[in-house]
Amino acid sequence: MSGGLTVWKNNKNDIVLDPDNLFWVITPNQGDHKVFISEKVINFYKNVRNKLSAEIKDFRFSRDLTAIYIDPTDKCNANCAYCYIPNQIRKNGHSMSWEELDFVLRKIKKHFEGKKRKQVIIFHASEPLLVKGIIFKAIKEYSRVFKFGLQTNAILLEKEDVIFLKKYHVGVGISLDSFSSSVNNRLRPAGQGAGNFSHAVRAIEWFDGYKGLNVITTVTKLNVRDLPGMVRFMHSKKVPCVLLNPMRFTHSGSLRLKPDEKLLAKYFIKAVDTAIALSKNSKHRIIVGNFANTILAIIAPLARRLMCDISPCGGARCFFTITAKGEMIPCGEFIGIKGFSGGNIFKTSITKAMVSKPFKNIRDRFVEKIRECNVCDFRNICGAPCPAELHSFGNMYQKSVFCNFYKEIIKYAFKMIVEDKVKYLLRDESSGMLKFAYNFNPA
Amino acid sequence: MAQKKRVRALKQVKEERAGSGTIAYRLKCAKTANGLSHFVMYGDVQKEKTVL
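Which chain is which? The protein sequence lines are A and B, in order. When we follow the numbering used here, the leftmost residue of the first sequence carries the number 391, and every step to the right adds one. When we follow the numbering used here, the leftmost residue of the second sequence carries the number -16, and every step to the right adds one.
Listed below in structure tokens is the structure:
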């Protein structure tokens, strides 16, 4: 059940919003102190309210496991300033053997036996290409069973690897923090005096506009001003999607890199505007993935793909992570944090892990239980991420570190809806994949 | 009576004013189940995946 409508002003408009089920109406501003909500709007809202509330409840609290992250190695060939994985794990960690990885994949396959949908497996942090041989073997052998994704710094990526990944339709995320090699390599050092810049750019060029490519930029105070330039740079390389993710502070030492929230909002919005202008005026479209997700949270909340801004988040609910040693943890952010293993996949079933207390603890953390979030209009658009990060600060039941940034971005998303710019903010393919649940016309 | 008419007319004007430029819609996935069941953070290659 929803708590009803709230009204707030956004530039020249009044936004009427039900924060619980994300029903919204935008009307032209009726003056500084007056808000007039038409009777037709109220009646329409009354008609759809219960249905929308039930849909959102199901969306937020269902436990449909659809992706599993596998960290096939703890080791990394880089030393990123903000990495959430503890240094000693990255340097001396374990790597899976083929037999271990094969065991894990067989177990996952068995768990989902009988389901029509292909399960998603994403090879993730530390640097999965350090065990390229076994993950490529897995992609080849299990391509009929799973869809695969890979997150990499691209240092070990060769041209023939790119051909292989494209052939098997692997979703690929490449980490790159700036269009400037010096800024990027300062944030993402690897080897002596170098970083991943030249490798990442070379790989992006090899991918040559591949639709399954995302470039992920982690935003810190060192590269916050580079965001619009980063969008321009990636557009020139035909990249279809960039994610401009504010850094997480799961590792407390990274606090010194925190970007100022106002600056972050300012340059993030400039990056979004840059992407719109480029998409509008050229043949190639580029989207800012996390802003697209904010737009979707408003116009198509059930079509959201990124899990961090849903409350409870997707960790331990829609996905979980298997570490190189086989520990099942709610999300990769929990690596190195004690008390969050749902069991070891070499000994425990996935079903048991899903009902384990550590997993349940993450699913139990949602915005209605968090002071300030529980009365915030945007609580089901931002989702108050991230429990792992906030746990590191001593208590996961607190608002997001970037609360003010999210508020600014959400207001901007409503502005983009008013200005009819949504068509430039989502992928090209999306127009054929979305249809109206309703389109209220008061006339 | 005249007063009643005036109130009704005012209400109509307000309705029209509020109606013009009013935006309220919701979209849903047409070819797929809704978002969560199609979560793939990296890539939009297969047709059956939902949009980002």
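Note that beta-carbon positions come from the ideal geometry of N, C-alpha and C, so glycine has one too. Here the structure is a predicted model, which is why all the values come from computation and not from measurement.
Handout entry: Under the three-state DSSP convention, the category Arg507/A falls into
Key = coil
Practice task
Please list, in chain order, all residues of the same chain as Phe526/A whose beta carbon is under 8 angstroms from its beta carbon, the five residues on each side excluded.
Solution key: Asp551 and Phe554
Exercise for the section: Alpha carbon to alpha carbon, how far is Ser820/A from Lys11/B? Give it in angstroms, no decimals. Expected result: 11 angstroms
Practice task
Flag Ala690/A as yes if its beta-carbon sits less than 7 angstroms from any beta-carbon of chain B, otherwise no.
Solution key: yes
Handout entry: Residues of its chain near Tyr657/A, where Cβ-Cβ distance is below 7 angstroms and the 5 sequence neighbours each way are ignored
Key = Hits under 7 angstroms: Val614, Arg615, Leu617 and Pro618.
Handout entry: Cβ of Ser392/A within 7 angstroms of any chain B Cβ
Key = no
Practice task
For Val415/A, go through chain B and note every residue whose CB falls closer than 8 angstroms to its CB, in chain order.
Solution key: Result: Thr5, Ile6 and Ala7.
Handout entry: Where Asn837/A sits in the DSSP three-state scheme
Key = Limits of chain A in this structure are 391 at one end and 833 at the other, which puts residue 837/A out of reach.
Practice task
Tell me whether the beta-carbon of Gly733/A lies closer than 7 angstroms to the beta-carbon of Lys742/A.
Solution key: yes
Problem - Contact under 7 angstroms by Cβ, Asn403/A with Val808/A - result: yes
Handout entry: Inter-residue Cα distance where the pair is Trp596/A and Asn400/A
Key = 43 angstroms
Handout entry: At least three beta-carbon pairs within less than 8 angstroms, the region 467 to 487 of chain A to the region 500 to 519 of chain A
Key = Yes, the region 467 to 487 of chain A touches the region 500 to 519 of chain A.
Practice task
Examine chain B for any beta-carbon lying closer than 7 angstroms to the beta-carbon of Leu495/A, and answer yes or no.
Solution key: No, because no Cβ of chain B sits closer than 7 angstroms to the Cβ of Leu495/A.
Exercise for the section: Note down, one range per segment and in chain order, each alpha helix (DSSP H) of at least 4 residues found wholly within the region 721 to 776 of chain A. Expected result: 740 to 744, 747 to 753 and 769 to 772
Exercise for the section: For Thr542/A, name the three-state secondary structure that DSSP assigns. Expected result: strand
Exercise for the section: Note down, in chain order, each residue of its chain lying with its Cβ closer than 7 angstroms to the Cβ of Leu824/A, except the 5 sequence neighbours on either side. Expected result: Correct list, in chain order: Ala690 and Ala693.
Exercise for the section: May I have the straight-line CA-CA distance separating Met24/B from Arg695/A, to the nearest angstrom? Expected result: For Met24/B, the predicted model reports a pLDDT of 39, less than 50, meaning its position is unreliable; a value from the coordinates is still stated below. If you take the alpha carbons of Met24/B and Arg695/A, they lie about 7 angstroms apart.
Problem - Collapsed DSSP secondary structure at Gly18/B in the structure displayed - result: With a pLDDT of 40 at Gly18/B, under the threshold of 50, the modelled position of that residue is not reliable, and the figure given next carries that caveat. Gly18/B falls in the helix class under three-state DSSP.
Problem - Neighbourhood of Arg638/A by C-beta distance below 7 angstroms, restricted to the same chain and skipping five residues each side - result: Tyr474, Glu723, Cys776 and Glu779
Exercise for the section: Specify, as a first and last residue, the run of the beta strand (DSSP E) that Pro418/A falls within. Expected result: Phe413 to Pro418
Problem - Close Cβ partners of His484/A (< 7 angstroms) along its chain, the five nearest in sequence each way excluded - result: Asp464, Ala714 and Lys715
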